[in-house]
Amino acid sequence: MARQNHTSAAPTTDARWELVDARMRQLGNRPDALIEALHTVQETFGYIDRRALERISQTLSVPPSTAFGVATFYHYFNLLPKGEHTAVVCTGTACYIDGAAELLAALETELGVGPKQTTEDGRLTVFTARCIGACSLAPAVIVDGRVHGRERVPDLLERVRAL
Amino acid sequence: MTLPPAPRASAYVCQAVSCLSAGAQEISQGLKAQVAAAGLADVAVKRVGCLRLCAAGPLVQIPQTGQLFERVEPNRLEDVVAALERVDGDSASSPPAPFFGRQLQIVTENCGRIDPESIEDYVAHGGYSALRKALTTMSPAQVRDEIVRSGLRGRGGAGYPTGLKWNTVAKAAGSPRYAICNADEGDPGAFMDRTVLESDPHRVIEGLAIAAYAVGASEAYVYCRGEYPLVIRRVRKAIADAERAGYLGHAVAETQFSLSMHVRLGAGAYVCGEETALIASIEGRRGTPVPRPPYPAVSGLWDRPTLINNVETLANVAPIIERGADWFASIGTAGSKGTKVFALAGHVRRTGLVEVPMGITLREIVFDIGGGMPEGRQFKAVQTGGPSGGCIPAQFLDMPVDYESLLEIGTYIGSGGMIVMDDSSCMVDVARYFMDFCRDESCGKCVPCRVGTTQLYMLLDGISRGLASLADLQQLEKLAGMVQRTSLCGLGQGAPNPICSTLRYFRDEYLSHIEQRTCPAGACPIAPQAVPA
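Following this line, the structure appears as structure tokens:
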């Protein structure tokens, strides 16, 4: 397994919690604020750890099992820290028929990381996306938030190695 | 509010996702600098929404002449600046490129014309006048009647008559009522809703406000896909701007009508396109569907009457109220009125966002608008309807595209994804791809979908690897029918459609994988036969 815990979990005293608390308060600290609170945690900290889940479930009066159930049900939420950089390979239909699978296979064989995995040195996490809606650019990859279209295997490998 | 005098010439720089990723940001900054350097005080550089020919981005258009610049490079902006200098009052409009010739814009009429982040620009282009008209001159019943007479049907995929839905919600007992815009665009290969919301968010907000008024809702939600950060940002800004301008909130447009509107984020669950699952998600729970009835129209969000409409459906509302039901009903076919926006992608020369009147033929979309196959490739099929849709073979290219015709041949119009495939695509592999999607997205609540999609995937995977027998094919067909008939919601019921449609039109491809152990398209990984010892 290539997964590594190189980023320490967010301490509960972190000032960033104010953003999460504010969002929950804005929604009345009611149980239905759960998904919005999870979004805010992920946006703020990059991922959702156990302590975050505990804190949210307490504030919103939601059983921890429910909070964990919701956080794991939705694909968008990460429960593990990400690497320094991210590469998201789109696997929508247009990208699929134009070689998204080859891009993923290349990352796997060259860097040893599959979807939702991080390289040993913690530099890069690979994700897949259902469809990023950039079908005209198929196959598309998002590296550190920037969309690259008509991506070919050598381009992608060069791009992530240069990170 | 005073607007500056109209410029003599303008450069519209597309700021939608494709063009942005191709460097549209640098283009708009570069153009601004060059226009200033050339001393063209009467020329404006404007950032606009999608100019639609996504394949050729970054795009710049000069609206005064209609001239479109494709694949603009940041260090080669002189042509654009020179063209801007030439524009004068009598500049003749250049004929539209073939990509645009057959299109008819209603939903996307503001896309690529207005600044998506400016409510002033939207209002200057006639925005919010339909809301004002509805609130000040029409009763909610009259608004609903207008939508019924227009013949508008839901654009999210199922094609349910919109007016009928509105009437059911309005007549259901209980308050408060809710109106929801489903912007959790989940079909792979579909980016219509994304483009409309990125390019013209106020249009959808206005439609949702009119819908809320028509059904008596006091609270509205936009359930937005979490993976679309630009959409989320623009919709949030648009709602805040509309509140400030008095088009949302308390006493809208100085009438008795009040509406609060919120954004809720989806989190990557395809099943949340199903109405009851979407409601569960807004309530902060796992997105699992529940059996219907009761329908959300009667008992939806917090068990109250709830209207759920798709982005494109709502984007049609303001023009219908503004121009009348008869105008809208004059477009399209007998059973399918108006236009449909398609995301044209895959193996065609010109990909992008296409809005066409209902009833246009597939051939016109693929070959006239899309420009046909890239050199040397042979058309094989068009995939529509996403994971619950099917593949349309060449023999139906001249069939009109509307709800009924596509259903007849075993697919859906769906939400509007249209992926063209050439002879390099294997139909077994495509069916396998969609089943992989469905088994992953199955919420796990009902057995036929949870177990069935996995078993169907394993059978398809076996066929694509050349490891299946004719008995497996029989099993595949039997199981597909069972999953279709017994699943709880649309995800499971629709999941076998890609199998059924590819088996119907491309059975020979399945057979050659099984009997000859060859993939005619060369896309499947068939290992050489092990020789028995």
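Order-wise, the sequence lines are chains Y and W. End of the first sequence = 163 in the numbering used here, gap-free, step of one. End of the second sequence = 696 in the numbering used here, gap-free, step of one. Note that CB positions come from ideal geometry on N, CA and C, so glycine has one too.
| Asked | Found |
| --- | --- |
| Could you check whether the Cβ of Y:Pro139 sits closer than 8 Å to any Cβ belonging to chain W? | no |
| Any contact between the stretch 55 to 73 of chain Y and the stretch 416 to 426 of chain W? By contact I mean 3 or more CB pairs, one from each, below 8 Å. | no |
| So the candidates are W:Pro226, W:Val180, W:Gly229 and W:Val244; which of them puts its Cα closest to the Cα of W:Leu203? | W:Val244 |
| Helix or strand or just coil, what does DSSP make of W:Ser664? | helix |
| Would you say the beta carbon of W:Ser257 comes nearer than 7 Å to a heavy atom of the ligand ADP? | As for the ligand ADP, it is missing from this structure, which has no ligand bound. |
| Enumerate in chain order the residues of its own chain whose CB-to-CB distance from W:Tyr673 is below 7 Å, with the five nearest sequence positions on each side excluded. | Val591, Ile626, Leu636 and Leu666 |
| Got a sec? Which residues, its chain only, sit under 7 Å from W:Ala353 by beta carbon, not counting five neighbours each side? | Ala506, Gly549, Ser578, Gly579 and Gly580 |
| Are there 16 or more other CB atoms within 10 angstroms of the CB of W:Gly685, so buried, or fewer, so exposed? | exposed |
| What number of angstroms, rounded off, separates the C-alpha of Y:Ala15 from the C-alpha of Y:Asp21? | 10 Å |
| Looking at the C-beta of W:Tyr384, does it have a partner C-beta in chain Y at a distance below 8 Å? | no |
| Give me the DSSP bridge partner(s) of W:Val176. | W:Arg210 and W:Val223 |
| In chain order, what residues of the same chain lie with their CB nearer than 7 Å to the CB of Y:Gln42, ignoring the 5 residues before and after it? | Ile48, Phe77 and Asn78 |
| What does the alpha-carbon distance come out to for the pair W:Ala179 and W:Leu214? | 8 Å |
| Where does W:Gly655 fall in DSSP's three states? | helix |
| Buried or exposed: Y:Gly133, going by 16 or more other Cβ atoms within 10 Å of its Cβ? | buried |
| Quick check on W:Arg648: buried or exposed, where buried means 16 or more other Cβ atoms within 10 Å of its Cβ? | exposed |
| Around the C-beta of W:Gly644, are 16 or more other C-beta atoms found within 10 angstroms, so that it is buried, or is it exposed? | exposed |
| Once the 5 residues before and after W:Arg399 are set aside, which same chain residues still bring their CB inside 7 Å of it? | Val426 |
| What does Y:Tyr96 touch in chain W if you count any residue whose Cβ is under 7 Å from its own? | Tyr596 |
| Which complete alpha helix (DSSP H) runs does the stretch 532 to 604 of chain W hold, if anything under 4 residues is left out? | 566 to 571 and 590 to 604 |
| Just to confirm my understanding: we take W:Pro170, look at its own chain, exclude 5 residues before and 5 after, and list those with CB closer than 8 Å. What are they? | Asp205, Val206 and Ala207 |
| Suppose the cutoff is 6 Å on Cβ atoms and the five residues either side in sequence are ignored; what does the same chain contact list for W:Lys608 look like? | Thr451 |
| Out of curiosity, what's the CA-to-CA distance linking Y:Leu60 and W:Val461? | 28 Å |
| Quick one: grab the DSSP three-state call for Y:Arg23. | helix |
| Where do the N-terminal and C-terminal ends of the beta strand (DSSP E) with Y:Glu193 fall, by residue? | In this structure chain Y extends from 1 to 163, so residue 193 of chain Y is not present and cannot be described. |
| Please classify W:Pro468 as buried or exposed, where buried requires at least 16 other C-beta atoms within 10 Å of its C-beta. | buried |
| Who are the near neighbours of W:Lys195 in its chain, counting only those whose CB is closer than 8 Å to its CB and skipping five residues on each side? | Val208 |
| Cα-Cα, which of W:Cys589, W:Ala185 and W:Arg513 is closest to Y:Val147? | W:Ala185 |
| Could you spell out the range, first to last residue, of the beta strand (DSSP E) harbouring W:Gly607? | First-last for W:Gly607: undefined, no H or E at that position. |
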